[in-house]
Amino acid sequence: MKNVVLRAQGVSKQYILGQIGAGTLRDDLDRLFDRVKRKKGNALNELNGKSGDKFWALKDVSFEINEGSAVALIGRNGAGKSTLLKIISRITAPTEGKIQYKGRVASLLEVGTGFNQHLTGRENIYLNGAIMGLSRADIDSRLDEIIDFSEVGQFIDTPVKRYSSGMYVKLGFAVAAHLEPDILICDEVLAVGDTRFQEKCIDKMSKLSAAHTVIYVSHNMHTLRQLCNTALYLENGRLTYAGELEHAIGLYAGSSAMSDTHVDLSALPHIGNMGKLVSLEELDIEDTASNEYPMDGEIKLSIKTNAHESAKGLRLFTLISRPGSGCVATSMSAPIFDAERGDISQIRLSIPLGGLAPGEYDAEIWLCFIDPIGRMVSYDAVPRAFRFSVEQNLERTDGMLWNEKRHGLFRLPDAQGETKLISKANE
Amino acid sequence: MSQEKWSVEIEPRKKGLCPDFKELWRYRDLIYLLARRSFVAMYKQTILGPAWAIIQPLLTTGIFTLVFGMLVGIRTEGPSMFLFYMCGSVAWNFFSRCLEKTAQTFADNEKLYGKVYFPRLCAPMATVLVTFINFLIQFVFFLCFLIIGNLTNHYGIKPDWGLVALTPVVLLQMGLLGMGVGVGLSALTVRYKDLSLLVGFGVSLWMYISPVAYPASVLSDKYPALKTLFMLNPMTPVIEFFRSAYLGTGSFSFIWWGISCAVTCLLLLAGVTLFGKVERTFADVI
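Structure below.
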């Protein structure tokens, strides 16, 4: 049964641009005076003067979060993520709309909030816990666990000002991780400590998200994939998508729309150290309407080029990457392209996908030449030329549903093997 | 699912005027810990430590005795000029510190308020608690002077024990008055920064219209027309209370004290309401 623990209805937040808070008594008196005047019938233009500089950081955002889900809040800088978190964690009030939730919310917008330099680690655990809403008894019962998790060990009775910055952050996270709230809100706090501690944090977080509801903000798609199962995508203060994590990450990574089978490459950004010697102009993706492929499928491309220089023995190099993460596979063609200066030609290319795992991918296309000493000379390159997806195919994966977190992004060819009987059980 | 039970509803405007007392009670550990934090922070790495709490009223009393008592020659009541001034300044000090420090609530807790939610009133309440502990140190010190003075110089000071028993109520009133005015001012200073510069000035002005450096009787005898106005100052009956209770010399009256309590309630309500209004959008303004 799905149990809604948090519901937002038409939440909006307005900021007044310019010198917020630097208001003087005179401004306020002016405003008051205006209001009184208007009441008397002297219609005063609302947009007269300073009242026009308003900005909606959030506009009409509504969503529901179910119990036990781990929600990623995704959006570019300035999309309104932090504002939304601040409203949910009651640091600031919305201008319109309302948010309702059940249980206790703990928000981790910063690690070690309220730590006092002069107090010892142990005292700060109590203080920090109390700020987060725990009683003394609550903390007493978790103290050992917290100290253990923080790894500060013998330094627990030393004032935190003598801590290294790593220890400081570890202690801060340890307290937060043991709050056990009903809803935990995190703003990119896992980027703390050394790698091993980060892993420990992520591990702890995923354990937490199993039993509690977690809202997590990060620009690190890898972490989000590890922790979350659903997503909210914010764009310019509006909630434009709520649902599947992968789709939201796709929106965030933002390449051309997936169903486009015709791409005007000349309009996309190009990279490449040599400039456009032979420019990639247009791309048609053939034999597909949706850019979805089965495992072991094949992408068929047709690329129009325009040669500004003569070239011989060029190859097409395709880099396949996960949106928001790094490259996962590459595909290189044979030296198939020759052109005279001024030629306009069409290259037809087919890329077998092999054991590429189900999921969404971005393709980057290079037109390049490999010189005799192994260097790649780029003639043109388009990052994020198009996006495609590989679909789950249970037959291909031996009836097993592919889970990227466990299985990775590439399935090697079937393992070969045989069984030989050494001794029979009966007899 | 029937009608769902939400534990918290976040809305643009708060319902009602009063702070959520139940929630404050739940966070009582936080009030204690915040108080402890500022107490430790105040005296850590100072050479004299809590002794500062004693030195400060001693200096004030000394200056009062010298300037007002000896140079200006104000007639004080009771056998000891020093004890008279000490009584007034210790009591006034508690109130003025409460006011001045809670008036900085938003400025002092800017970082904390911007990062995590807890009932915002916890911070000024903790401030009052710390100030109270400082006051206790000073007050015990004052009592020592009183007892030693009585024993060695035979001042023959007779405390009014009935009034002495009322001390906790008056202390509570002072704390609430200081906090009410303080948090109200702190809410205003978020918008009008210049006000924070006026607070210290205002408090010293307030001291001069309160009978700290002179007995209330001096003023009401000289300018009987101003007496009502003078007594409406909620701090006048409070200071007079301490003199009446511990030195047996003041002109404490229950009627004026009752009015003082009513004024306290009004100012507290106004201050807390203003504070509650500002706390909801404070993070955007700062």
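So the sequences go chain by chain: A and B. Counted from 1, the first sequence has number 89 at position 89 by this note's numbering; the numbering is strictly sequential. Counted from 1, the second sequence has number 1225 at position 225 by this note's numbering; the numbering is strictly sequential. Ideal Cβ positions, reconstructed from N, Cα and C, are used throughout, including at glycine. It should be emphasised that the depicted structure is a prediction, and the values quoted were computed from it without experimental measurement.
(message) Could you pull the DSSP bridge partners for A:Lys86 from this structure?
(response) Under DSSP, A:Lys86 shares a beta bridge with no residue.
Q | Pairwise C-alpha distance: A:Val175 and B:Pro1234 | A | So the alpha carbons of these two residues sit roughly 45 Å apart.
Task: Residue closest to A:Phe115, alpha-carbon to alpha-carbon, out of B:Arg1037, B:Trp1006, B:Thr1105 and B:Arg1243 - done: Looking at the Cα atoms, B:Arg1037 is the closest of the given residues.
- Task: Using a Cβ-Cβ cut-off of less than 9 Å, give me the residues of the stretch 90 to 102 of chain A that come near chain C, in sequence order.
- Result: The structure shown has no chain C; the protein chains it does contain are A and B.
Legend entry - Spatial neighbours of A:Leu179 in its chain, beta-carbon cut-off 7 Å, leaving aside the 5 residues before and after: Cβ neighbours of A:Leu179 within its own chain (closer than 7 Å, five residues either side excluded): Ala106, Met132 and Leu134.
| message | On the criterion of 16 or more Cβ atoms from any shown chain inside 10 Å, does B:Thr1076 qualify as buried, or is it exposed? | response | Classification of B:Thr1076: buried, given that the 10 Å Cβ count is 16 or more.
For this session: Establish whether the CB of B:Thr1127 and some CB of chain A are separated by less than 7 Å.
Result: False, the Cβ-Cβ gap to chain A never drops below 7 Å.
* **C-beta atoms of A:Leu277 and A:His308 nearer than 7 Å** => Contact: yes.
Handout entry: A:Arg406 versus B:Val1116 - alpha carbon distance
Key = Cα-Cα distance, rounded: 35 Å.
TODO: Would you give the residue range spanned by the alpha helix (DSSP H) that B:Val1272 belongs to?
DONE: First-last of the alpha helix (DSSP H) with B:Val1272: Phe1254 to Glu1279.
Query raised in the report: Closest to A:Glu188 by CA distance: which of A:His212, A:Cys368, A:Asn426 and A:Leu73 is it?
Result: Minimum Cα distance to A:Glu188 is reached at A:Leu73.
Discussion item. At the 7 Å Cβ level, is B:Ala1103 part of the contact set with chain A, yes or no?
Written reply: Proximity of B:Ala1103 to chain A, defined by a Cβ-Cβ separation below 7 Å, is not satisfied.
Taking DSSP as the reference, what is the three-state secondary structure of A:Ala357? DSSP places A:Ala357 in coil when its eight states are reduced to three.
Check each candidate in A:Glu298, A:Arg31, A:Ser62 and A:Gly103 and name the one with the smallest Cα separation from A:Ser12. For A:Ser12, the nearest C-alpha among the options comes from A:Ser62.
Test: B:Pro1012 CB closer than 7 Å to a CB of chain A: Interface with chain A (7 Å Cβ-Cβ cutoff): B:Pro1012 is included.
**Asked** Is the stretch 1121 to 1129 of chain B in contact with the stretch 1250 to 1266 of chain B, if contact means three or more CB pairs nearer than 8 Å?
**Response** Fewer than three pairs of CB atoms, one per stretch, sit closer than 8 Å, so the stretch 1121 to 1129 of chain B makes no contact with the stretch 1250 to 1266 of chain B.
- Could you name the residues of chain A that B:Lys1044 contacts, counting a contact when the two beta carbons are closer than 7 Å? Result: His118.
Can a CB atom of chain B be found closer than 7 Å to the CB of A:Ala130?
-> Closer than 7 Å: yes.
Which word fits A:Val160, buried or exposed, when buried means at least 16 other C-beta atoms lie within 10 angstroms of its C-beta?
Around the C-beta of A:Val160, 16 or more other C-beta atoms lie within 10 Å, and the residue is accordingly described as buried.
**Report entry** Interface partners of B:Ser1112 on chain A, CB under 9 Å
**Finding:** Inspection of the sequence shows that residue 1112 of chain B is occupied by Leu rather than by Ser. Chain A residues near B:Leu1112: Thr113, Gly114 and Ile131.
Query - C-beta atoms of B:Ile1054 and B:Phe1142 nearer than 7 Å - result: Not a contact, by the Cβ cut-off of 7 Å.
*asked:* Cβ closer than 7 Å: which chain B residues qualify as neighbours of A:Leu127?
replied: Leu1033 and Arg1037, listed in chain order.
| Cα-Cα separation, A:Pro269 to B:Asn1109 | Taken atom to atom, the span from the alpha-carbon of A:Pro269 to that of B:Asn1109 is near 47 Å.
Next item on the list: Taking only runs that begin and end inside the stretch 89 to 149 of chain A, name each unbroken alpha helix (DSSP H) of 4 or more residues, in chain order.
Entry: 121 to 131, all fully within the stretch 89 to 149 of chain A.
**OP:** Could you tell me which of B:Pro1050, B:Gly1049, B:Gly1078 and B:Ser1089 sits nearest to B:Thr1060, measuring between CA atoms?
**Re:** Nearest C-alpha to B:Thr1060 among B:Pro1050, B:Gly1049, B:Gly1078 and B:Ser1089: B:Ser1089.
Look at the Cβ atom of B:Leu1163, then the Cβ atom of B:Ser1244, and state whether they are nearer than 7 Å. The Cβ-Cβ distance between B:Leu1163 and B:Ser1244 falls below 7 Å.
Check your understanding: Which class does A:Glu404 belong to by DSSP, given the choice of helix, strand or coil?
Key -> In the structure shown, A:Glu404 sits in a helix (DSSP, three-state: H, G or I).
Within its chain, find whatever has a CB closer than 8 Å to the CB of A:Ile353; leave out the 5 residues flanking it on each side and keep chain order. Residue identity check: residue 353 of chain A is Leu in the sequence provided, not Ile. Within the same chain, Cβ atoms closer than 8 Å to the Cβ of A:Leu353 are found at Tyr293, Met295, Asp296, Gly297, Glu298, Ile299 and Val390, the five residues on either side in sequence being excluded.
Task: beta strand (DSSP E) runs wholly inside the stretch 1177 to 1212 of chain B, at least 3 long, in chain order - done: For the stretch 1177 to 1212 of chain B, not a single whole beta strand (DSSP E) run of length 3 or above is found.
I'd like the list of long-range same chain contacts for A:Gly313, defined as Cβ closer than 8 Å, with 5 residues on each side in sequence excluded. If you ignore the 5 residues before and after A:Gly313, its C-beta comes within less than 8 Å of the C-beta of Pro335, Phe337, Asp338 and Phe369, all in its own chain and listed in chain order.
key: Helix, strand or coil at B:Tyr1032 [DSSP, three-state]   = Helix.
Does A:Leu109 come within less than 7 Å of chain B when only Cβ atoms are used?
For A:Leu109, at least one C-beta of chain B is nearer than 7 Å to its own C-beta.
Suppose only complete runs of 3+ residues qualify. What are the beta strand (DSSP E) ranges in the stretch 190 to 266 of chain A, listed by chain order? DSSP runs (the beta strand (DSSP E)) wholly in the stretch 190 to 266 of chain A: 213 to 217, 230 to 235, 238 to 244 and 262 to 264.
Handout entry: Extent of the continuous beta strand (DSSP E) to which A:Gln346 belongs
Key = Start and end: Ile344 to Pro352.
Checklist entry - From the beta carbon of B:Ala1107, is the nearest beta carbon of chain A less than 7 Å away? => result No - not a single Cβ of chain A is within 7 Å of the one on B:Ala1107.
### Message
Let me confirm a value: A:Ile373 is counted as buried when at least 16 other C-beta atoms fall within 10 Å, else exposed. Which label applies?
### Response
Taking all protein chains in view, the Cβ of A:Ile373 is surrounded by fewer than 16 other Cβ atoms within 10 Å, so the residue is classified as exposed.
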